[in-house]
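Peer 1: Sharing a structure here in structure tokens format.
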Amino acid sequence: GTLVRSGTLTTAEVDDQVTAVSQLLQDVKKKSYLPLAGDPFLIDYLKQVKEFTFKKAVWPILQKEVRPGPEQTLMMYHMLLVCEERFPSVVSTKFLKQTLNSSQVLSATTIPGLLLAVKGYRLKIIVNHSAFADIFKFLIKAPEDILQSFWQQVEIQLLADVTEVSNKHIMALELFNLLVLHLENASQVVGLLTPKLLSLLMKKLKVPARFNAIFSQSCRETLQNLYKLCTNAKSSKTVLSVIKKLLFKSGNIFFEQSSGVKVIQQLMGQLTDKGVMKLAVVLRDVITGSSSALEYKGPEPSNRQWHNKEKLYTVHLFCRLLTLSSIHVKQESELVQDPLSVGMYR
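Note that the sequence shown covers residues 3 to 348 in the working numbering.
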């Protein structure tokens with residue numbers, strides 16, 4: 003480790019570098035916990051080694067460790083991602099197709115195997131080990147469809163059971179949390195706010211007593227981190243999209259009451275004048291019955307009329323919106339009329 007971190011290994015003779023890498027790759031196979039122990043040293047080395055040395059001596063060794071098919075060890079995924087980024091001319095598309103059945107390390111083909119590798123570790127390790135954080139950074143930098151594909155796999159592998167909270171549900175929340183913490187563009191989170199995730203955050207599932215504390219904490223931290231991400235949003239449009247997802251894509255407008263976190267009212271404060279006015283229109287349509295509610299009772303969501311209790315709660319949100327300083331510049335607008343006079347009980 004000291005040789006790698008100090009840069010001494012990369013300046014050593016090529017044969018010595020090959021010996022060190024080969025020995026480390028063999029050592030990590032001896033115990034199940036060793037790959038994560040050896041991962042930081044191998045990754046640090048791969049980030050330092052010169053391309054000539056990598057191509058001539060290191061890559062031939064690593065190639066032999068790649069399994070056929072998209073199911074690799076987590077350490078191998080991590081190493082391949084670093085190598086693909088640093089040495090694209092060496093880690094060829096042809097090689098990746100022959101081994102991973104994909105032209106890139108991250109693709110719709112390899113994502114299921116990556117998630118399978120992640121799931122093999124305890125939640126505490128996933129949250130705290132640098133390897134996972136680094137892999138998530140690669141995911142976030144990948145094309146949008148790759149990130150969406152990863153979350154779809156999370157729903158398939160971890161959120162299939164929608165009756166009772168288990169370790170899988172808590173892991174799904176923590177994976178979402180890790181994504182949110184590493185996202186640089188807040189707009190990327192909108193597509194991840196799926197009905198299944200929102201249902202989980204609203205605590206619609208039965209929660210066994212042994213999971214109650216950690217599940218509640220995970221939900222709270224997830225929503226707090228979502229809010230923090232939105233405070234750095236480049237566009238008010240993103241914040242508005244998140245608010246609309248929380249209110250209308252969950253099948254229950256009472257998101258704050260169910261989740262126990264006043265995240266929607268906090269997000270309202272991040273809206274610009276234009277965003278406030280657009281949200282006011284959406285809320286007004288609920289109060290007047292001009293829009294309909296989504297209901298998730300079958301394989302596909304259906305539409306229904308808003309209940310009076312939902313309209314009354316929307317009036318509360320509307321009034322909260324009117325207290326924002328942004329709205330006062332638009333006082334002449336018809337949107338600030340008393341919502342109780344626009345047919346709440348139609």
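Where a beta carbon is used, it is the ideal one built from N, C-alpha and C, also for glycine.
Could you tell me the distance, in whole angstroms, from the CA atom of Cys-321 to the CA atom of Lys-139?
Peer 2: Spanning the two alpha carbons is a distance of roughly 40 angstroms.
Peer 1: Of all the alpha helix (DSSP H) runs that stay within the bounds of the segment 235-310, which reach a length of 4 or more residues?
Peer 2: Listed in chain order, the complete alpha helix (DSSP H) runs (minimum 4 residues) inside the segment 235-310 are 238-250, 257-261, 265-270, 275-290.
Peer 1: In the DSSP assignment, find the alpha helix (DSSP H) that holds Tyr-229 and state where it starts and stops.
Peer 2: Counting along the chain, the alpha helix (DSSP H) containing Tyr-229 begins and ends at 214-233.
Peer 1: So, with DSSP's three-state summary, where would you put Tyr-347?
Peer 2: The predicted model places Tyr-347 with a pLDDT of 48, which falls under 50 and marks its position as unreliable; any figure quoted below should be read in that light. It is coil, neither helix nor strand.
Peer 1: For a quick check, are the C-beta atoms of Lys-208 and Glu-166 less than 8 angstroms apart?
Peer 2: Yes, they are a contact pair.
Peer 1: Cys-232 and Thr-240 - do their beta-carbons sit closer together than 8 angstroms?
Peer 2: Yes. Within cutoff.
Peer 1: For Glu-73, write down the residues that DSSP places opposite it in a beta bridge.
Peer 2: The partner list for Glu-73 (beta bridge, DSSP) is empty, contrary to what the question assumes.
Peer 1: Please name the residue in Val-129, Ala-188, Asp-136 whose C-alpha comes closest to that of Glu-146.
Peer 2: The shortest Cα separation from Glu-146 among Val-129, Ala-188, Asp-136 belongs to Ala-188.
Peer 1: Using three-state DSSP, classify Glu-15 as helix, strand or coil.
Peer 2: Three-state DSSP puts Glu-15 in coil, outside helix and strand.
Peer 1: Do Gln-150 and Gly-115 come within 8 angstroms of each other at the CB atom, strictly closer than that value?
Peer 2: Against a cut-off of 8 angstroms, the Cβ pair of Gln-150 and Gly-115 comes out as no contact.
Peer 1: Count the other C-beta atoms from every protein chain shown that fall within 10 angstroms of the C-beta of Phe-256, then say buried if there are 16 or more, exposed otherwise.
Peer 2: Its Cβ having fewer than 16 others within 10 Å, Phe-256 is exposed.
Peer 1: Could you spell out the range, first to last residue, of the alpha helix (DSSP H) harbouring Glu-176?
Peer 2: From DSSP, the alpha helix (DSSP H) with Glu-176 extends over 169-184.
Peer 1: I need the straight-line Cα distance from Leu-102 to Phe-213, nearest angstrom please.
Peer 2: Approximately 37 angstroms, taken between the alpha carbons.
Peer 1: For Glu-336 and Leu-319, what's the separation of their Cα atoms in angstroms?
Peer 2: Residue placement at Glu-336 is poorly supported in this model, since its pLDDT is 48, which falls under 50; the coordinates are not used for a value here.
Peer 1: Out of curiosity, what's the CA-to-CA distance linking Val-20 and Lys-49?
Peer 2: Going from the Cα of Val-20 to the Cα of Lys-49 covers about 15 angstroms.
Peer 1: Assess contact between the segment 263-273 and the segment 238-254, defined as three or more Cβ pairs (one per stretch) separated by less than 8 angstroms. Is contact present?
Peer 2: Touching, per the Cβ criterion.
Peer 1: Counting contacts by CB-CB distance shorter than 8 angstroms, is Leu-273 in contact with chain D?
Peer 2: The chain inventory of the structure shown lacks chain D, comprising one protein chain alone.
Peer 1: Let me know the secondary structure DSSP gives Lys-208 once reduced to three states.
Peer 2: If DSSP states are grouped into helix, strand and coil, Lys-208 belongs with the strands.
Peer 1: In the DSSP assignment, find the unbroken alpha helix (DSSP H) run with Glu-67 in it and report its ends.
Peer 2: From DSSP, the alpha helix (DSSP H) with Glu-67 extends over 61-67.
Peer 1: Compute every distance between the C-beta of Glu-186 and the non-hydrogen atoms of the ligand HEM, then say whether any falls below 7 angstroms.
Peer 2: In terms of ligand content, the structure shown is empty, and the ligand HEM therefore cannot be addressed.
Peer 1: Can you name, in chain order, every residue of its own chain whose Cβ lies under 6 angstroms from the Cβ of Lys-99, other than the five neighbours on each side?
Peer 2: Ser-105.
Peer 1: From the DSSP output, which residues share a beta bridge with Glu-166?
Peer 2: Answer is Lys-208.
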